[in-house]
Amino acid sequence: MSRIGVLVCHCGENIGRTVDCASVARALGDLPGVAHAADYKYMCSDPGQLLVKQAIAEKKLDGVVVAACSPRMHEKTFRRACASAGMNAFLCEMANIREHCSWIHESRGDATEKAIALARAIVEKVKRNQPLSPIRIPIERRALVIGGGIAGIQAALDIAEGGREVVLVEKEPSIGGHMSQLSETFPTLDCSQCILTPRMVEAYQHPGIKLLAYSEVESVSGYIGNFEVKVRRKARSVDETRCNGCGECQAACPNKKIPSEFEQGLGKRSAIYVPFPQAVPNIPVIDRAHCALFRGRAKGLKKDACSKCKEACGRQAVDFDQQDTFTTVKVGAVVVATGYQLYSVGKQQPSDKLKGYGEYGYGTIPDVIDGLQFERLASASGPTGGKILRPSDGKEPKKIVFLQCIGSRDPAKGIEYCSKVCCMYVAKHTMLYRHKVHDGKAYVFYMDVRAAGKGYEEFARRAVEEEGAIYLRGRVSKLERTGNAIKVHGFDTLSGRPMVIDADMVVLATAMRPQPGIEALAQKLSVSCDGHGFINEAHPKLRPVETNTAGVFVAGACQAPRDIPDSVAMASGAASKVLGLFSNEELERDPTVAVVDETGCAGCFHCERVCPYGAVERKEIKDRKGVLLKVVATVNKGVCQGCGTCQATCPSKNVELQGFTDEQIFAAISAL
Amino acid sequence: MKLGYFPGCSLHSTAKEFDLSLKAVAGPLDVELEEIHDWSCCGSSSAHATDHLLSIALAARNLSLAEQQGLSQVMAPCAACFSRLATARHEMAHDEEQAELVRPMLARPFKNAVEVQNVVALLQGLAGRIKAKATPLTGLKVACYYGCLLVRPPEVAQFDDPEDPTSMEQVVAATGATAVRWSRRLDCCGAGFSLSRVGSVVRLGRAILEDAKASGAQAVVVACPMCHSNLDLRQSAMEARRASLGLPILFLTQLVGLALKLDPASLGLERHFVSAVGVMRALAAPAPQQLPATRG
Amino acid sequence: MVSEVASGAKAEFEPKIVAFVCNWCTYTGADLAGTSRLQMAPNVRVVRLPCTGRIDPLFITKAFEGGADGVIVSGCHPADCHYTAGNYHARRRFAIFRDLLDFMGVDVRRTTFSWVSASEGGKWRDVVNDTTARVKQLGPFAEYQGLSVAPPPARSQAPASGEWESSPRGRDTP
Amino acid sequence: MSLAIGPGQRLEDSVSDGSSHPDSSLAGDLRRATGLNVAACYQCGKCSAGCPMAAEMPLKPHQMLRLAQLDLRDELLSDPSPWLCLTCETCTARCPNEVDPARLIDGLREIVFKSGSAVAPLRLRAFHKAFLRQIRRHGRVFEVGLIVDYKRRTGALFDDVLSAPAVFRRGKLALSPSNIEGRDEVRRIFEACGQAAARKEVHS
Ligand SMILES: Cc1cc2nc3c(=O)[nH]c(=O)nc-3n(C[C@H](O)[C@H](O)[C@H](O)COP(=O)(O)OP(=O)(O)OC[C@H]3O[C@@H](n4cnc5c(N)ncnc54)[C@H](O)[C@@H]3O)c2cc1C
Ligand SMILES: Cc1cc2nc3c(=O)[nH]c(=O)nc-3n(C[C@H](O)[C@H](O)[C@H](O)COP(=O)(O)OP(=O)(O)OC[C@H]3O[C@@H](n4cnc5c(N)ncnc54)[C@H](O)[C@@H]3O)c2cc1C
Ligand code: SF4
Ligand code: SF4
Ligand code: SF4
Ligand code: SF4
Ligand code: SF4
Ligand code: SF4
Ligand code: SF4
Ligand code: SF4
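Note that the protein sequences, when read in sequence, are chains A, B, C and D.
Taken in order, the first sequence gives residues 120 to 791; the numbers are from the numbering used here.
Taken in order, the second sequence gives residues 21 to 316; the numbers are from the numbering used here.
Taken in order, the third sequence gives residues 266 to 439; the numbers are from the numbering used here.
Taken in order, the fourth sequence gives residues 7 to 210; the numbers are from the numbering used here.
Take a look at the structure:
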C-alpha cells in the first residue's frame with residue numbers, strides 16, 4: 120500500500136474563495152493509500168514547502184500531490200522541496216485546482232467537487248509513479264560547422280572565441296561563399312572583400328578552428344553531445360603541407376580558357392587554380408575534368424599529356440596521384456551554414472522541377488545576366504577591373520534594365536516565396552552603375568520594393584531620389600534581341616502604359632534557392648527541409664537557429680533567403696546556442712523519455728516510423744553464441760523528446776513513456 | 021504509321037494547299053491518314069469566345085467519333101483545331117464536373133482515349149526519315165513562325181518548350197534549309213481578327229514579318245491555316261506605304277514536300293498570294309505557274 | 266460519492282466530460298483561460314499529456330467506461346506541434362478512431378476534437394461550453410457497459426463536431 | 007459598409023468576400039463561369055506587358071481583372087476591351103501566379119454575351135453568331151453562307167478581300183455547303199449547352 124501525502128493550497132483567497140479546501144483535504148484523506156492530507160494558505164511559501172518536507176519525513180511518504188496552481192507554475196518548486204527531503208522528485212505531482220477550477224467557476228459546490236476529482240486523479244497517478252532520475256549524457260565539446268560562407272565563418276569564429284574547438288568543412292577549394300563574390304554591400308556600400316577577407320584569414324589562423332576546405336560531410340551518426348562525422352577530403356592534387364601559394368603552377372598551366380565559377384563564367388581560369396586571389400587557403404586545386412593530364416589518363420593514354428604545373432612547382436607540391444581521404448571527427452554540436460545558389464533561369468531544365476524562363480533569354484542573349492554576374496562586373500577585382508561592360512562586345516551599356524522577382528513570387532514557373540534580398544541588391548546595383556557610368560540610365564521593373572531593415576528603405580529611396588533610377592511597377596513579359604539591343608517589353612501599372620525599352624544590358628534579379636545536395640545533407644543530419652529545400656528551424660519565431668534534431672543548429676541563407684546582417688546574426692545566435700550547450704560537461708535532461716520493453720517488442724518498427732525525432736533505433740538481440748535472435752526497437756534517450764507518439768502507436772504496447780505510462784493514465788482517468 | 025485525320029473546315033477551303041501538301045508528303049513518309057468520318061467543325065474561336073461548354077462539347081464529339089473508329093491518335097493540322105481538340109481532351113480528363121455535363125451530349129460512349137497531335141510534332145518525329153529522303157534545300161533561309169496556338173497554353177499543347185520551342189527548326193534542319201534566329205516567333209499575328217479588325221491584324225502581322233525579314237529570312241514557315249491566310253492575304257496591306265516585304269508564307273508541309281522533290285503544284289504552291297517563285301528560283305526548282313496577283 | 270459537498274439538488278443532468286490535452290498548447294491555453302478568469306461550465310476535467318500524439322484511442326474508451334458522458338481531445342494547431350509531428354499522427358489516428366466509435370455505438374457527437382493554442386483561452390472556454398451543452402442535450406451516456414463488444418444500436422448520421430478532419434491550413438484552391 | 011473610391015464609384019462590401027455562400031459579385035460570376043479566382047491576380051502587369059492588343063484596349067488585361075476584383079461590374083462589362091482580346095494565351099502562358107487571364111476574359115465575354123448586352127461589338131457578335139449558325143446548320147462552316155449571313159446581320163462585308171474573285175480563283179471557297187450526317191447530333195449539343203447555361207443562370 121502506498122503512502123501518499125496530499126497538500127491542498129488556498130492560494131490566499133484565490134482558491135479558498137471558491138473551493139472548500141478543507142473538504143477537499145478531508146475527501147482525499149479518506150482515499151486508500153493516502154497517508155496524509157492537509158490544507159494550507161500558501162503552499163509555495165517557505166513554511167508551505169516546509170510542511171511538505173515535514174510530512175515526507177514524519178509520515179514516511181512515498182508520493183506527494185500538491186493541489187494548487189498550474190504545474191507550469193510551481194511543479195519545479197515542489198519537486199525540489201521533495202528532493203531535499205530525500206524523496207525522488209518525480210514522485211511529486213500537482214493537481215491544478217486554480218487555473219482549471221477556482222478561477223473559472225463560481226459555484227462553490229461545483230468547484231469543490233471538481234477539485235476533489237482533479238486531485239484524486241493525480242493521487243491515483245502518483246501511486247503508480249516510478250522514481251526517475253534525470254538523464255545525463257557526456258558532451259564532446261567540439262563543434263562542426265558545415266559551409267564556409269559568412270555565416271559559417273562567423274559561427275566558427277564565435278565558437279572558437281568562446282574557447283571551444285571547431286571543425287569547419289567547406290566543399291569548395293576556398294571559404295568565403297557568395298559574399299566573396301560581391302562588390303559592395305548594402306545598406307552601407309562597403310567593399311565586401313575588405314570586410315570579409317580579414318575574417319577569412321582569422322578563421323584560417325585561429326588555433327581553435329580546423330579548416331577542412333575542399334571537403335564534404337560523408338556520414339553522420341550519434342546524437343546531441345556525441346556526433347561522429349565522417350568527412351571526405353577531396354583530392355586537391357596539391358599537397359597542402361608543401362604548397363606556399365606562389366602561383367607558378369597556374370602560370371605554367373597551358374589550359375587557361377576554362378570559365379571561372381567564381382567569376383560566374385565572365386572570366387577564365389586555368390586547370391590548376393585558386394578560385395580567387397584572396398582565397399583561403401591559398402592553395403590551388405586541379406580541376407581534373409579540365410586538366411589535360413587527367414583527361415588523357417581517363418582516355419587511357421600511356422604517357423601523361425602534360426605535367427607543366429608539376430614541373431613549375433619549386434616545392435614538389437603537385438601530386439597527381441592524390442586520392443580522396445576520409446577523416447572522422449567527434450563533435451557535440453553541428454551548425455549547418457551551407458548557404459544558397461541562384462535560380463538559373465535559362466530555358467527549361469529537364470533535371471529540375473523548375474521550368475525556367477524562355478521569355479527572358481538568359482543563356483541565349485549574352486547581355487542578359489544575373490545579379491551575381493553584375494556583382495562581378497562591378498567588382499574592382501572582377502574580370503573587367505570594375506568597369507561595367509557588356510559581355511557581348513565589351514561596350515559600356517548606357518541603358519540597363521533590372522528585372523526584379525525573377526523566379527521569385529511566381530508559383531507558375533518559379534517559387535512562391537520572396538527572395539528577400541533582391542530588392543535591396545537591385546537598388547544597390549543601380550547606384551553602383553550610376554557611380555561608374557555617369558550618363559547611364561537604370562530602369563527597374565518591380566512589383567513591390569521590400570526594404571524592411573535598418574536603413575534599407577532610406578537606401579532604396581536614395582536609388583530613386585538621388586541616383587535617378589527609374590522604377591517601373593510591373594513585370595516584363597519578354598526580352599527580344601534586336602540587333603545590338605535588347606527590347607524589353609514591360610508595363611508600368613502605375614501609369615497604365617506599356618513600356619518598351621531598348622536596353623543595352625538586362626540584369627535579372629533571380630531567386631535564391633538552397634544549395635544543391637542540401638536534402639541529402641539534411642538526411643544525414645536527420646533534420647528536415649521545407650518544400651523548397653531550406654532547412655527547417657525548430658520554431659519559426661522562438662527557436663530560429665535550432666533544428667528539430669537536438670544539437671544541430673542552422674545559420675544563414677540555407678534556412679531561408681537572408682542577407683549578410685541576418686546571416687551573421689543567426690550565426691552568432693547558433694554559436695551562442697552551441698556555447699550554451701558546451702558550458703556543461705554533461706547534458707541533463709528530463710527523464711520523460713520512452714523505454715522499450717525488449718522482451719515483448721515484436722520488431723514491427725511502427726514506433727520508428729512515427730517518431731518525429733528519429734529517436735527509435737534498431738537493436739539486435741543475440742544469444743550467448745552470437746546467433747541473432749531478433750531485432751527490436753530501442754529508444755535513444757539522448758534523442759527522445761518525450762512526445763509519446765511511439766507509445767500510442769505501438770500495437771503491442773511494448774514501449775512506455777516514463778512518467779506517462781498507460782497504467783498511470785488509465786488510473787487517473789478512472790478516478791476523475 | 022496510321023493516324024486519324026481531322027482536317028477541319030479551313031483545310032477544305034481557305035487552306036486547301038495545307039491539305040494538299042500534307043497528303044502529298046504523307047505517302048513518301050509512310051504515314052497513312054484516315055479521316056474521321058463525319059467530323060464536324062471544332063467550334064473554332066466563335067464557340068470558344070461565347071460558350072465554353074459548347075466549345076468543349078463540339079470538339080469532344082469529334083474525339084468520340086475517332087474513338088468509335090478505333091483510332092488511338094488524331095492529327096489536326098490546323099493549329100486552331102488542334103488547340104480546341106487538345107483543350108477538350110485535357111478538360112474532359114481534368115474537369116470532372118464539366119465532363120459529366122458533356123458526356124450525355126455525345127451520341128456515343130466516350131472514354132477520352134484518343135491522343136491529339138499536331139503536324140509539327142508529327143514531322144518532328146519523322147525528321148530522321150525526312151532527312152534521309154530529302155534533297156537538301158541548301159541555301160534557303162526561312163523563319164519558323166509558331167504563333168500562339170501551337171505552343172499555348174503549355175499544359176494543353178504539351179509538345180515543346182512554350183517559350184523557346186525548337187520543333188519546327190528541327191524539321192527545317194531535316195530539309196536542309198536554314199532556320200534563322202529571330203524574336204517574334206511566338207507573337208500573335210491577330211488571325212482571330214482577320215475578318216473583323218483588319219487594322220490590328222495589319223499592325224501585328226507587320227511587326228512579325230519585318231522582324232523575319234530583318235533576320236534574313238527568304239520565307240516564313242507556318243503550321244497554322246489562320247496564320248497563313250493572315251500573313252499571306254494581308255501582306256500587301258502590311259506593306260502599304262512601307263518597304264516591301266515580299267515574304268512567301270509556306271506551310272511546313274510544303275517545305276518538306278519541296279525537299280522531297282514533289283511537284284510544286286501538288287503542294288498547292290501556286291495558290292499563295294505572295295508568290296513563292298523567288299524561293300523556287302533560289303532553289304533552282306521549277307517555278308510554279310503563278311496565278312494573277314491580286315496585289316496593289 | 267461526493268454529493269454531500271454539492272450545493273443543493275441538481276435539477277438538470279450534469280454530464281461528466283474528460284479532456285485529453287497536450288501540455289504545450291491546449292493545457293497552456295486552459296491555464297490562460299484561468300488567469301483571465303473566463304467562467305465556464307464545471308463539467309470538464311483535464312488530463313495533461315505531453316502531446317496529442319501520446320493519446321491512445323483506448324484512453325477515450327476508458328473514459329466512457331469510467332462514466333464519462335463526453336470526451337474532448339485538443340492539441341496544437343496543425344503546423345504548431347511542439348514535437349513537430351505528434352498532432353499529425355494523432356489526427357490520422359483519430360479520424361480512424363472516430364469511425365470506430367461510431368461503429369461501437371458511441372454517438373460521435375459526444376466527442377470534440379479541436380485545436381486550441383496557448384493564446385486561445387477564449388477558444389478553450391468555447392470548446393468547454395459547447396461540448397458541455399451538446400452532451401447535455403444528448404443525455405447521460407448509458408451504453409458504456411461492455412463498450413468493446415456492444416453491437417451498433419443505431420448509426421448516427423450527424424456530423425461530429427470538431428476541426429480534426431478538415432484539411433490543414435493552406436492555400437484555398439478554387 | 008461601402009466605400010467611395012472615386013466620383014460616382016462605390017466599392018461594395020462584397021468585394022473581398024471569400025466566404026462560401028452564393029457570391030453575387032462579378033468575381034463570383036467569373037468563378038462559376040470559369041472555375042478561376044480573380045483575387046489570385048496580384049496586378050503585376052506581365053499579362054498586359056505581353057498582350058498584343060494592349061495598345062488598343064482601353065482597359066489592359068490586368069486592369070480588367072482589377073475592375074473585376076473591385077466588383078465594378080457595369081464599368082467593366084460595358085467596356086469594349088474584353089472584345090479586343092485575341093485569345094492568343096500569351097498572358098496565360100506567362101502569368102506568374104497561374105491566374106489564366108485569357109480564360110477569365112473569355113468568362114467576361116460569356117457573361118456579356120449571355121446577357122444579350124449591346125456591348126459586344128456588333129461585328130463580332132454578328133460574326134460569332136453567323137459562324138455558330140453555320141455549324142449548327144451544316145455541322146461545318148460553309149464560308150459563302152457565313153459571308154452572306156454576316157452581311158445580312160451587319161450590312162457590311164468582312165471587307166474586300168474575302169469576296170475578292172481571287173479567293174475563288176485559287177479554289178479556296180466551296181460554292182455549296184457540305185452537310186454532315188450527324189447534323190441532328192450537333193444540333194442536340196447546341197440545345198444541351200443552351201439548357202446548361204440557362205440552368206446556371208437560375209442557380210446564381
Ligand atoms: C547578387 C547578390 C547581391 C547581394 N548583395 C548583398 C549585399 O549587398 N548585402 C547583403 O547583406 N547581402 C547581399 N547578398 C546576400 C548574401 O550573398 C548572402 O546573405 C550571404 O552570402 C549568405 O551567406 P551564407 O554564409 O549563408 O551562404 P553562402 O555565401 O552561400 O555560403 C555558403 C557556403 O557553404 C558552402 N557549402 C554549401 N554546401 C556545402 C556542403 N554540403 N558542404 C560543405 N560546404 C558547403 C558553399 O560552398 C559556401 O562557401 C547578395 C546576394 C546576391 C545574390
Ligand atoms: C501591431 C503589431 C503587431 C505585431 N505582430 C507581430 C507578429 O504577428 N509576429 C511577429 O513576429 N512580430 C509581430 N510584431 C513585432 C513584435 O511585437 C516585436 O518583434 C517584439 O515584440 C520585439 O520584442 P522585444 O523584446 O525586442 O521588444 P519589446 O516587446 O518591446 O520588449 C521590451 C521590454 O523592455 C522593457 N523596457 C524598455 N525600456 C526599459 C528600460 N529602460 N529598463 C528596463 N526595461 C525596459 C519594456 O517594458 C518591455 O517589456 C508586431 C508588432 C506590432 C506593433
Ligand atoms: S597537368 Fe597541365 S593541364 Fe593539368 S593542371 Fe597541370 S599544367 Fe594544367
Ligand atoms: S603547387 Fe607549387 S607552384 Fe603551385 S602554388 Fe603551390 S607551391 Fe606554388
Ligand atoms: S526581395 Fe524584392 S525582388 Fe526579391 S523576390 Fe522579394 S519582392 Fe521580389
Ligand atoms: S513600414 Fe510597415 S507597413 Fe510600411 S512597408 Fe514597412 S513593414 Fe510594411
Ligand atoms: S511499435 Fe512496439 S512492437 Fe513495434 S517495434 Fe516499436 S516497440 Fe516494438
Ligand atoms: S516519445 Fe516521441 S520522441 Fe521519444 S521515441 Fe517516442 S516518438 Fe520518439
Ligand atoms: S500576369 Fe497574372 S498576376 Fe500578373 S497582372 Fe496579369 S493576371 Fe494578374
Ligand atoms: S489572350 Fe487576349 S488578353 Fe491575353 S495576351 Fe492574348 S490578346 Fe491579350
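Note that the Cβ used here is the ideal one computed from N, Cα and C, for glycine as well.
Asked: If I'm right that D:PRO86 touches D:LEU114 with Cβ under 8 angstroms, what's the distance once you round it to whole angstroms?; Found: Incorrect: roughly 11 angstroms between the Cβ atoms, too far for contact.
Asked: So the candidates are A:ILE223, A:CYS313 and A:TYR459; which of them puts its Cα closest to the Cα of A:ARG681?; Found: A:TYR459
Asked: Could you tell me whether the Cβ of C:LYS281 comes closer than 9 angstroms to any Cβ of chain A?; Found: yes
Asked: Please go through the same chain and pick out, in chain order, the residues whose beta-carbon is closer than 7 angstroms to the beta-carbon of D:SER84, but skip the five residues on each side of it.; Found: VAL125
Asked: Ignoring anything shorter than 4 residues or poking outside the region 247-280 of chain A, list the alpha helix (DSSP H) runs there in chain order.; Found: 269-280
Asked: Counting only beta-carbon separations shorter than 9 angstroms, does B:VAL299 have a partner in chain D?; Found: no
Asked: From which residue to which residue does the beta strand (DSSP E) around A:HIS608 run?; Found: 604-611
Asked: I need the DSSP call for A:LEU549, collapsed to helix, strand or coil.; Found: Checking the sequence shown, residue 549 of chain A turns out to be Thr, not Leu. Helix at A:THR549.
Asked: At which residue ranges does the region 433-486 of chain A contain complete beta strand (DSSP E) runs of 3 or more residues, listed in the order of the chain?; Found: 444-450, 452-455 and 459-461
Asked: Can you tell me where the alpha helix (DSSP H) holding A:GLN492 begins and where it ends?; Found: 490-497
Asked: Verify the contact flag: A:ALA275, CB atom, against every heavy atom of ligand 1, threshold strictly below 8 angstroms.; Found: no
Asked: Is any heavy atom of ligand 2 found at a distance shorter than 8 angstroms from the C-beta of A:LYS539?; Found: no
Asked: Give a yes or no on whether the C-beta atoms belonging to A:ILE278 and A:VAL264 are separated by under 9 angstroms.; Found: yes
Asked: Check the Cβ of B:CYS29 against every Cβ in chain D and list those closer than 7 angstroms, keeping chain order.; Found: ARG146 and VAL147
Asked: Identify the residues that DSSP records as bridge partners of A:HIS658: which are they?; Found: A:ARG662
Asked: Does DSSP classify A:MET618 as helix, strand or coil?; Found: strand
Asked: Around the C-beta of A:GLY675, are 16 or more other C-beta atoms found within 10 angstroms, so that it is buried, or is it exposed?; Found: buried
Asked: Could you confirm whether any beta carbon from chain B is found closer than 9 angstroms to the beta carbon of A:LYS472?; Found: no
Asked: C:ALA298 touches chain A at which residues, Cβ-Cβ below 9 angstroms?; Found: GLU218, HIS219, TRP222 and ILE223
Asked: Starting from A:ALA531, find everything on chain D with Cβ-Cβ shorter than 7 angstroms and list it in chain order.; Found: CYS101, PRO102, ASN103 and GLU104
Asked: Helix, strand or coil for B:MET95? Go by DSSP, reduced to three states.; Found: strand
Asked: Under DSSP, the alpha helix (DSSP H) around A:HIS155 begins and ends at which residues?; Found: Taken as a continuous stretch (DSSP letters only), A:HIS155 belongs to no alpha helix (DSSP H), being part of the beta strand (DSSP E) at 153-159.
Asked: Please name the residue or residues paired with A:PRO633 in a DSSP beta bridge.; Found: A:TYR459
Asked: I'd like to know whether the C-beta of A:GLN766 is nearer than 9 angstroms to at least one C-beta of chain C.; Found: yes
Asked: Going by Cα to Cα distance, which pick from A:GLY205, A:ALA752, A:ALA332 and A:ASP529 is closest to D:TYR48?; Found: A:ASP529
Asked: Quick check: is the beta carbon of C:ALA398 nearer than 9 angstroms to any beta carbon in chain A?; Found: no
Asked: Please give me, in chain order, every unbroken run of the beta strand (DSSP E) with length at least 3 that falls completely inside the region 276-304 of chain C.; Found: 282-287
Asked: Based on the DSSP secondary-structure assignment, which residues constitute the bridge partners of A:SER340?; Found: A:GLU347
Asked: How about A:THR629: is its C-beta nearer than 9 angstroms to some C-beta of chain B?; Found: no
Asked: Say whether chain C places a C-beta atom closer than 9 angstroms to the C-beta of A:PRO190.; Found: yes
Asked: Is the separation between the beta-carbon of A:ASN363 and that of A:ARG434 shorter than 9 angstroms?; Found: yes
Asked: Under the assumption that A:ILE269 contacts A:SER686 (Cβ atoms under 8 angstroms), give the Cβ distance between them as a whole number of angstroms.; Found: 6 angstroms
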